[in-house]
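Note that this note's numbering has the sequence shown beginning at 31, numbered continuously upward.
Single-structure report; data block below.
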Amino acid sequence: MRKSLLATLATLGMLSAPLALASTIEIQVNNTMSEGGSESAAVERFAEYLEEQAPGRFNVRPFLAGSLGSEDGVLELLNLGQTQISITGGNWRQQYAPEYDAITVPFLFSTWEEVDAYMESPSGQRLVEIAEEKGGLKYFGTQHRGPRHMTANKAIHTPEDLQGFRLRLPSLPVWLQVWEGIGAQVVNVPAPEIYLAMQTRQVDGHENSLSSPYTRRLWEVQDHIILTSHVQFPWNWVASSRWWNGLDEEDQALITEAIHVARQHGTEVERELDEYYLEELEKAGMTIVEPDIEAFREAAMPSIERVMADMADGVLEDATGGNGND
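In structure tokens:
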């Protein structure tokens with residue numbers, strides 16, 4: 031065992047100091063979701079990989095279900111160097127560089143390949159640079175989540191079917207503007223009250239990933255799943271730059287590799303869960319509708335263009351692969 035450990039450490043370049051002086055590196059990994067989803071699966075794989083490659087070198091401590099604070103609270107802790115890593119949503123983009131946040135705009139991206147390509151584009155890279163400058167974040171990449179769809183109390187095939195339809199949305203101005211432009215009557219209801227709002231007909235439907243209707247048992251108060259895939263809203267692996275810059279290059283390289291492995295694993299688990307949710311929702315009696323997404327995108331385009339007009343130069347071109355409207 032000792033020979034194996036020494037061989038591992040030698041491979042990682044950790045024998046420049048006596049083995050007894052090597053200190054364990056603590057890594058807190060934060061996320062707002064509870065245990066049991068793709069997020070905790072990714073954290074677990076991250077910890078496993080580090081232990082496989084460097085036994086005893088790292089102590090990974092998950093902080094799930096927002097146990098160390100909200101997304102915004104954890105972003106502040108990362109900036110101060112008081113926590114190490116977070117699998118965070120989209121708040122960092124809106125907080126530090128909203129003028130480059132094309133990913134939040136509904137119906138702009140159709141696939142995960144387009145989202146990842148945008149993050150590699152000049153606009154995406156500028157977003158990452160500003161987040162590091164303003165928020166002290168080291169960005170590693172996306173972990174895919176299930177796309178956001180609609181639930182409804184009737185079949186929705188085209189934007190015309192949304193006339194008079196009361197759609198529950200979170201209070202994100204970009205989303206409100208685009209959905210109003212398509213024709214929905216947007217209603218803001220706190221997340222814990224979604225089921226009751228549907229039960230009492232305060233709203234006619236909502237939008238979210240498929241985990242929402244599944245975990246909330248919305249088949250009891252909704253009839254249809256509308257596969258709009260209107261937002262590909264990723265998780266993002268980020269670290270505190272203050273903490274990161276204090277690590278040895280060998281440790282940085284191994285952590286980067288572990289994050290890559292964990293992101294891939296989490297993405298695969300999420301894909302499997304999304305397929306499971308859809309099957310179970312259909313078994314529970316919900317009708318699956320594949321709407322005319324291009325008709326929705328066309329109806330949304332005037333609102334999308336108004337939103338994009340307020341963003342930095344080049345964002346629309348990078349988001350559409352150079353095919354933005356003139």
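Backbone N, C-alpha and C define an ideal beta-carbon position, used for all residues, glycine too.
Around the Cβ of Leu303, a 10 Å sphere holds 16 or more other Cβ atoms; the residue is buried. Contact between the stretch 135-143 and the stretch 88-104 is absent: fewer than three C-beta pairs spanning the two stretches fall below 8 Å.
For Glu298, the enclosing alpha helix (DSSP H) covers residues Glu279 to Lys313. The secondary-structure analysis by DSSP pairs Val135 with nothing; it has no beta-bridge partner. With fewer than 16 other beta carbons inside 10 angstroms of its own, Leu226 counts as exposed. DSSP lists Ile256 as the beta-bridge partner residues of Val319.
In terms of CA proximity to Met63, Ala71 leads the group Ala71, Ile57 and Glu56. A residue is called buried once 16 or more other Cβ atoms fall within 10 Å of its Cβ, and Gly154 is buried on that count. The C-beta distance from Gln173 to Pro264 rounds to 6 Å, short enough to fall under 8 Å.
Counting only runs of 3 or more residues that sit fully inside the stretch 144-191, the beta strand (DSSP E) segments are 167-173 and 178-182, in chain order.
Collapsing the DSSP output to three states places Thr118 in a strand. Around the beta carbon of Arg247, fewer than 16 other beta carbons sit within 10 angstroms, so the residue counts as exposed. Look at Pro243 here: in three-state DSSP terms it is helix.
Taking 8 Å as the cut-off, the Cβ atoms of Trp209 and Val217 do not count as close. In the displayed model, Leu197 falls within a strand according to three-state DSSP. For Trp273, the uninterrupted alpha helix (DSSP H) run begins and ends at Ser271 to Trp274, by DSSP. Rounded to the nearest angstrom, the Cβ distance from Asp253 to Thr317 is 6 Å, consistent with a contact under 8 Å. From the listed residues Glu78, Glu65 and Glu69, the smallest Cα separation to Glu287 is found for Glu78. Pairwise C-beta distances place the stretch 143-152 out of contact with the stretch 113-128, as fewer than three of them are shorter than 8 Å.
Shown here, Asn60 sits in a strand according to DSSP, grouped into three states. Relative to the Cα of Gln207, the nearest Cα in the group Pro136, Glu250 and Tyr130 belongs to Pro136. Rounded to whole angstroms, the gap between the alpha carbons of Asp322 and Arg198 is 21 Å. Excluding sequence positions up to five before and after Gly276, its CB lies less than 7 Å from no other CB in the same chain.
Asn238 counts as buried, since at least 16 other C-beta atoms from the protein chains shown sit within 10 angstroms of its C-beta. A residue is called buried once 16 or more other Cβ atoms fall within 10 Å of its Cβ, and Gln58 is buried on that count.
Partner residues in the beta bridge of Pro92, as assigned by DSSP, are Val59. One alpha carbon belongs to Ala314, the other to Ser241, and they sit about 14 Å apart. Assignment of Val219 by DSSP, reduced to helix, strand and coil, places it in the coil class. When DSSP reads this structure, Trp267 sits in a beta bridge with Ile117 and Gly171. In the DSSP assignment, Asn238 forms a beta bridge with His179. With fewer than 16 neighbouring CB atoms inside 10 Å of its own CB, Lys164 falls in the exposed class. In chain order, Tyr169 place their CB closer than 7 Å to the CB of Val158, counting only its own chain and leaving out the 5 sequence neighbours on each side. Between Thr297 and Val204 a beta carbon distance of about 25 Å is seen, past the 8 Å cut, so the two are scored as non-contacting. Our two residues, Glu310 and Asn109, have alpha carbons roughly 41 Å apart in a direct line.
Under the DSSP definition of a beta bridge, Val261 partners with Arg178.
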